[in-house]
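First comes the structure, then the notes that go with it.
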Ligand code: GLN
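Residue numbers (my numbering): 14 to 559.
Here you go:
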């Protein structure tokens, strides 16, 4: 029977519950256990697919096409836990399902209520992951204890221990131990209050993971243990890691969290294997090269909008043992100031995915700059669409070329709506989503990197390259190096005459791991490194470097 770990958060949001949960999953896997991971989000949207990146950061897409919370990206990067649409549920989705059942008459005349109907539905989605081949299910509860929205989830996980036995459940509470500068002291009171709130609703945490800027003294740990009713060894310090998120699991191991979990849940675990993880951290900490990449997007200044892109670049840095200086450039800034001043210092330029017209011309200018200056360029989804528009306007000789997403009446619709999208009216969950196969041209650069003819990559788009223009583009030197198996949808383009200009209709960033970089990210960063070295390793003052 699978055991359950519930991870809650207190005091403030953004404490890194997702990262901590992913790290716990990774540590248990490295002790030979089979883990499943899940996030329950308290908001009412059915999924984050309809939310703006300002609200929610990146929308993370899974193989099965579900649009999920970005914490699932951490789960996939840290663990091998298979993720599906069962791995992320929201209040909206839970209510929708209960309401649909009610409409079908499934409640046989009863009054439908939060307790037991909503809480039962929540318990069902948790139980669904506890299949026979699973040792531990880790369920992260989004939001902060005390929020009105998270109450039904907390109530459900309280009841859950009654259903399956307390000995099969472990409650881990992530909290903040605040450093007050004026007093030069760590403050434990917010943690006490947050645990107090949990206990009021009937949950006594078994383990407290304390996020902190400074080391927590033995005295403070004793105080937290006493007031929060946990043994002192269950007060785990998680000090801020400003170097890399991949350090988090090791710092938890230093505080013996894995041993504590194994002991408390009586898990039949092996000794911890951390060689691979230590090796990647060693490469990260000891770079032998340096290079710079500009990410040009509409939300470049927003920390989480292109989360998986920044992570995949880091993975490529680990792979090439290189420190990558990343510049986040808002494409509208390029419209105002031109590409030369903002981009000249960079060794590679990446344009990520996106929606809507704002900032498009800046992206197109950035791509022209990369193409003409022979700077390695990587276009992703909207980045690919902009790359073909740029090529159409400045090489093929179609100055008014555009996408119908931005200009419905363009005389040259190089990018147009996918056929299957014409009848679509709802916005949520209706794009071309998830893993789709593509065939690679064996003479292409893409093929060299993937080293295989058929690939499966994740998609999230409504528009496609307009095939009426393919011949004209080929005549001007563009290679359509990846297409859907029937040859109809363009998936990858490249310019063989350019040192490295590759653009893809899908999202390779979702399949990159620190232990297994995505081949195209490895290729792009490798080409950028070559350019850096050819320029003589000079350190150039970079605009907007982070
Ligand atoms: N807006 C474009 C489309 O819908 C690109 C989407 C994306 O970059 N994810 O096709």
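Ideal Cβ positions, reconstructed from N, Cα and C, are used throughout, including at glycine.
Given the structure is predicted, the values throughout are model-derived calculations rather than measurements.
Let's test the definition: count the other Cβ atoms within 10 Å of the Cβ of residue 412 and tell me whether it reaches 16, buried, or not, exposed. Mapped onto the chain shown, residue 412 falls at position 399. With fewer than 16 other Cβ atoms within 10 Å, it is exposed.
Evaluate the contact criterion for the region 127 to 141 versus the region 37 to 44: three or more CB pairs, one atom per stretch, below 8 Å. no
Taking all protein chains shown into account, decide if residue 93 is buried (16 or more other Cβ within 10 angstroms of its Cβ) or exposed. Residue mapping note: residue 93 aligns to position 80 of the chain shown, counting from 1. By the neighbour-count definition (other C-beta atoms within 10 Å, threshold 16), residue 93 is an exposed residue.
Threshold first: 4 residues or longer. Then list the alpha helix (DSSP H) segments lying entirely within the region 411 to 436, N to C. none
State the DSSP-derived secondary structure class of residue 49, mapped to helix, strand or coil. Against the chain shown, residue 49 aligns to sequence position 36. Correct three-state label for residue 49: strand.
Would you kindly work out how many angstroms separate the C-alpha atoms of residue 99 and residue 142, rounded to a whole number? Here residue 99 refers to the residue found at position 86 of the chain shown. Here residue 142 refers to the residue found at position 129 of the chain shown. The alpha-carbon atoms of residue 99 and residue 142 are separated by roughly 8 Å.
Given a cut-off of 8 Å on the beta-carbon distance, is the pair residue 518 and residue 504 in contact? Here residue 518 refers to the residue found at position 505 when the chain shown is read from its first residue. Here residue 504 refers to the residue found at position 491 when the chain shown is read from its first residue. Result yes, Cβ atoms of residue 518 and residue 504 sit closer than 8 Å.
When DSSP labels each residue in this structure, what does residue 101 get in the three-state scheme? Looking up residue 101 in the chain shown gives position 88. Three-state DSSP puts residue 101 in a strand.
Boundaries of the alpha helix (DSSP H) in which residue 277 is found, first to last residue: Your numbering for residue 277 matches position 264 in the chain shown. Residue 277 -> alpha helix (DSSP H) spans 270 to 277.
Expressed to the nearest angstrom, what Euclidean distance is found between the alpha-carbon atoms of residue 388 and residue 479? The count along the chain shown starts at 1 and reaches residue 388 at position 375. The count along the chain shown starts at 1 and reaches residue 479 at position 466. So the alpha carbons of these two residues sit roughly 26 Å apart.
Short Cβ contact (8 Å threshold) for residue 514 with residue 383: Position 501 of the chain shown, counting from 1, holds the residue named residue 514. Position 370 of the chain shown, counting from 1, holds the residue named residue 383. Their beta carbons are under 8 Å apart, which means residue 514 touches residue 383 by this criterion.
So for residue 447, helix, strand or coil by DSSP? Position 434 of the chain shown, counted from the start, is the residue given in the question as residue 447. Residue state, collapsed to three classes: strand.
Where DSSP assigns a beta bridge to residue 305, which residues make up the other side? On the chain shown, residue 305 is found 292 positions in, with the first residue counted as 1. Paired residues: 338.
Cβ of residue 142 within 8 Å of any chain C Cβ: Among the chains in the structure shown there is no chain C, since it carries only a single protein chain.
Nearest by alpha-carbon distance to residue 312: which of 371, 325, 86 and 439 is it? Residue numbering aside, residue 312 sits at position 299 when the chain shown is read from its first letter. For the residues 371, 325, 86 and 439, the minimum Cα distance to residue 312 belongs to 371.
Evaluate residue 491 with the Cβ neighbour count: other Cβ atoms within 10 Å of its Cβ, from every protein chain shown; 16 or more gives buried, anything less gives exposed. Translated into the one-based positions of the chain shown, residue 491 becomes position 478. Buried, by the Cβ-count rule.
Counting Cβ pairs closer than 8 Å, one from the region 423 to 433 and one from the region 396 to 405, do we hit at least three? yes
Roughly how many angstroms separate the alpha carbons of residue 377 and residue 399, rounded to a whole number? One-based indexing of the chain shown puts residue 377 at position 364. One-based indexing of the chain shown puts residue 399 at position 386. Each residue's Cα considered, the two are about 6 Å apart.
If the criterion is Cβ atoms closer than 8 Å, does the pair residue 80 and residue 54 meet it? Here residue 80 corresponds to residue number 67 of the chain shown, with the count starting at 1. Here residue 54 corresponds to residue number 41 of the chain shown, with the count starting at 1. Contact: no.
On a CA-only basis, which of 161, 496, 85 and 474 is nearest residue 483? Give me that one, please. Sequence index remark: in the chain shown, residue 483 carries index 470 (1-based). The shortest C-alpha separation from residue 483 is found at 496.
Can you have a look at residue 481 and say buried or exposed, based on whether 16 or more other CB atoms are within 10 angstroms of its CB? Position 468 of the chain shown, counted from the start, is the residue given in the question as residue 481. Exposed, by the Cβ-count rule.
With DSSP as the reference, label residue 167 as helix, strand or coil. Looking up residue 167 in the chain shown gives position 154. Three-state result, residue 167: helix.
Could you pull the start and end residues of the alpha helix (DSSP H) that residue 69 belongs to? Translated into positions along the chain shown, residue 69 becomes position 56. Where residue 69 is concerned, the enclosing alpha helix (DSSP H) stretches over 66 to 69.
Chain-order list of residues whose beta-carbon lies under 7 Å from that of residue 362 (same chain, five-residue window excluded): Sequence index remark: in the chain shown, residue 362 carries index 349 (1-based). The residues are 307, 309, 356, 379, 383, 388 and 390.
Let's see if you can read the secondary structure: which residues bound the beta strand (DSSP E) around residue 132? Taking the first residue of the chain shown as position 1, residue 132 is located at position 119. Run containing residue 132: none in the beta strand (DSSP E); it sits in the alpha helix (DSSP H), 132 to 141.
Which residue marks the beginning of the beta strand (DSSP E) containing residue 284, and which one marks its end? Start at 1 with the first residue of the chain shown, and residue 284 comes out as number 271. Premise fails: residue 284 is in no beta strand (DSSP E) and is neither H nor E.
Where the beta strand (DSSP E) containing residue 478 begins and where it ends: One-based indexing of the chain shown puts residue 478 at position 465. Per DSSP, residue 478 belongs to the beta strand (DSSP E) from 476 to 478.
Alpha carbon of residue 334 to alpha carbon of residue 251, nearest angstrom: For the purposes of this step, residue 334 is taken as the residue at position 321 of the chain shown. For the purposes of this step, residue 251 is taken as the residue at position 238 of the chain shown. Cα-Cα distance, rounded: 27 Å.
Cβ-heavy atom distance, residue 418 to the ligand GLN, below 7 Å: Stepping through the chain shown from its first residue, residue 418 is reached at position 405. Result yes, Cβ under 7 Å from the ligand GLN.
Determine the direct distance from the alpha carbon of residue 420 to that of residue 198, and round the result to whole angstroms. Taking the chain shown and counting its residues from 1, one reaches residue 198 at position 185. Taking the chain shown and counting its residues from 1, one reaches residue 420 at position 407. Distance between the alpha carbons of residue 198 and residue 420 is about 58 Å.
Range of the contiguous alpha helix (DSSP H) that encloses residue 33: Your numbering for residue 33 matches position 20 in the chain shown. First-last of the alpha helix (DSSP H) with residue 33: 30 to 42.
Please classify residue 238: does DSSP put it in a helix, a strand, or coil? Reading the chain shown from its first residue, position 225 is the one you call residue 238. Residue 238: helix per DSSP, three-state reduction.
Buried or exposed: where does residue 470 fall if 16 or more other Cβ atoms within 10 Å of its Cβ makes it buried? As a first step, residue 470 is located in the chain shown; it is residue number 457 there, counting from the start. Residue 470 comes out buried.
Is residue 2 helix, strand or coil when you go by DSSP? Because the chain in this structure spans residues 14 to 559, residue 2 falls outside the shown range and cannot be described.
Can you pull the DSSP bridge partners for residue 471? Within the chain shown, residue 471 is the residue found at index 458, counting from 1. DSSP, once it has assigned bridges, lists 448 as partnering residue 471.
Buried/exposed call for residue 561, threshold 16 Cβ in 10 Å: The chain is shown from 14 up to 559; residue 561 falls before or after that span and cannot be answered.
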